[in-house]
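Heads up, the thing below is written out as structure tokens.
Residue numbers (mature numbering (1 follows the signal peptide of the UniProt record, and there is no 0)): -23 to -1, 1 to 359.
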């Protein structure tokens, strides 16, 4: 190692050490360092960890303006109830522009006058949401249009959209760089969509996106501006009371990104009732010439159109009756032990890229890594 390299490393270390040494844990609760979440949001410095005690927190909304922060619930999941309050008229929490990790927090009842109240309003930077719950919010998470922002959601629940209001999505990502979802569950939408993403890149894996008997959602997954989208290993299902026959919509509002493609591999699609579904719909006239939709090794339960009008490669996709599942009523969408579809498909790839599953959704939320055999079954479970 030469002298200039040593000097550079020493300078970098000197820059990091003050941050590490000054990082602290701020405990929020009756016996904590502070008694209100909003006070912790005001006092926290970059690099701190904020720990919130379990229990109900009513009307204690917050703006988080730090550049790097970890916020987590301890001793059980704390429940944040909006109770008519909002930060900046936007959300229970507003994340301004930093690198944040939020773990084990529940957000309920966000309402604001313009109808866009959110559990979390994410405005910029990088946000990782893990083990969180979003119930009865006008939007669970709503992002701003920031083309550098990155949102990652792991092992979280979004449900129970309000019955009053218009276009209340469980999750709405605007024009951001990327949206990644894994091991999460979405259900009980009301007229709007379970997931709506305008992101440049959308990646949804090993999740249960099933509206359920109390839901009336429109699309289960809406990708209105195209972009590069990948859906692997999900259960995607609409209810009997759906307000729209389409489950996955792509490009309905026109292309917004330099390239657009949609890949769906090893998903299980569900449409209950006798109304024909349109499982995947794209709008070719709205998308750039040469866009493709590729589907591999998916299961389709219900009557309707699957790959109709979709330019691309379609292989290993099979229709099944609902009786083919081991226990649909208890959300067990594995094929039963006698299924003739066992080991019938190979591991999919496209242009040399492996697009096969490496994990499966696990109830109630989360995913489990699996060692996959060489020969697979179609659908989300092996």
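The beta-carbon is built from N, C-alpha and C at its ideal position, and this holds for glycine as well.
According to DSSP, simplified to helix, strand and coil, what is residue i?
i: residue 162; result: strand
i: residue 45; result: strand
i: residue 178; result: strand
i: residue 248; result: strand
i: residue 37; result: coil
i: residue 23; result: coil
i: residue 157; result: strand
i: residue 390; result: Outside the modelled stretch of the chain, which goes from -23 to 359, sits residue 390, for which no answer is possible.
i: residue -7; result: The pLDDT assigned to residue -7 is 47, lower than 50, so where the model puts this residue is not dependable, and the model offers no usable value.
i: residue 64; result: strand
i: residue 301; result: helix
i: residue 306; result: helix
i: residue 263; result: helix
i: residue 50; result: strand
i: residue 71; result: strand
i: residue 141; result: coil
i: residue 32; result: coil
i: residue 268; result: coil
i: residue 114; result: coil
i: residue 337; result: strand
Rank the options by C-alpha distance to the C-alpha of residue i and give the top, closest one.
i: residue 63; options: 39, 185, 54, 53; result: 39
i: residue 22; options: 6, 151, 328, 48; result: 48
i: residue 297; options: 356, 109, 131; result: 356
i: residue 27; options: 36, 33, 15; result: 15
i: residue 257; options: 12, 269, 251; result: 269
i: residue 301; options: 350, 284, 246; result: 246
i: residue 71; options: 275, 201, 178, 96; result: 96
i: residue 332; options: 278, 248, 239, 263; result: 239
i: residue 191; options: 30, 220, 275; result: 220
i: residue 55; options: 317, 153, 6; result: 6
i: residue 151; options: 185, 263, 230; result: 230
i: residue 180; options: 79, 114, 153; result: 153
Under DSSP, the alpha helix (DSSP H) around residue i begins and ends at which residues?
i: residue 20; result: 14 to 20
Let me know if residue i comes out buried or exposed under the rule of 16 or more other beta-carbons within 10 Å of its beta-carbon.
i: residue 61; result: exposed
i: residue 359; result: buried
i: residue -3; result: Bear in mind that the predicted position of residue -3 carries a pLDDT of just 49, short of 50, making it too unreliable to give a figure here.
i: residue 337; result: buried
i: residue 164; result: buried
i: residue 329; result: exposed
i: residue 197; result: buried
i: residue 65; result: exposed
i: residue 167; result: buried
i: residue 20; result: exposed
i: residue 271; result: buried
i: residue 173; result: buried
i: residue 12; result: exposed
i: residue 35; result: exposed
i: residue 370; result: A query on residue 370 cannot be resolved here, the shown segment of the chain reaching from -23 to 359 and no further.
i: residue 202; result: buried
i: residue 170; result: buried
i: residue 253; result: exposed
i: residue 306; result: exposed
i: residue 2; result: exposed
For the beta strand (DSSP E) containing residue i, name the first residue and the last one.
i: residue 256; result: 254 to 259
i: residue 296; result: 295 to 297
i: residue 199; result: 198 to 200
i: residue 10; result: Run containing residue 10: none; DSSP gives neither H nor E here.
i: residue 285; result: That residue, residue 285, is in no beta strand (DSSP E); it is neither H nor E in DSSP.
i: residue 226; result: 223 to 227
i: residue 360; result: In this structure the chain extends from -23 to 359, so residue 360 is not present and cannot be described.
i: residue 206; result: 205 to 209
i: residue 107; result: 102 to 107
i: residue 347; result: Careful: residue 347 lies outside any beta strand (DSSP E) and carries neither H nor E.
i: residue 220; result: First-last for residue 220: undefined, no H or E at that position.
i: residue 98; result: 95 to 99
i: residue 214; result: 212 to 215
i: residue 274; result: Run containing residue 274: none; DSSP gives neither H nor E here.
i: residue 241; result: 238 to 242
Are residue i and residue j touching if we call contact CB-CB under 8 Å?
i: residue 52; j: residue 73; result: no
i: residue 135; j: residue 117; result: yes
i: residue 342; j: residue 133; result: yes
i: residue 223; j: residue 255; result: yes
i: residue 237; j: residue 228; result: yes
i: residue 183; j: residue 326; result: no
i: residue 102; j: residue 75; result: yes
i: residue 84; j: residue 111; result: yes
i: residue 320; j: residue 352; result: yes
i: residue 177; j: residue 205; result: yes
i: residue 233; j: residue 162; result: no
i: residue 32; j: residue 45; result: no
i: residue 145; j: residue 138; result: yes
i: residue 334; j: residue 209; result: yes
i: residue 193; j: residue 218; result: yes
i: residue 90; j: residue 68; result: no
i: residue 267; j: residue 248; result: no
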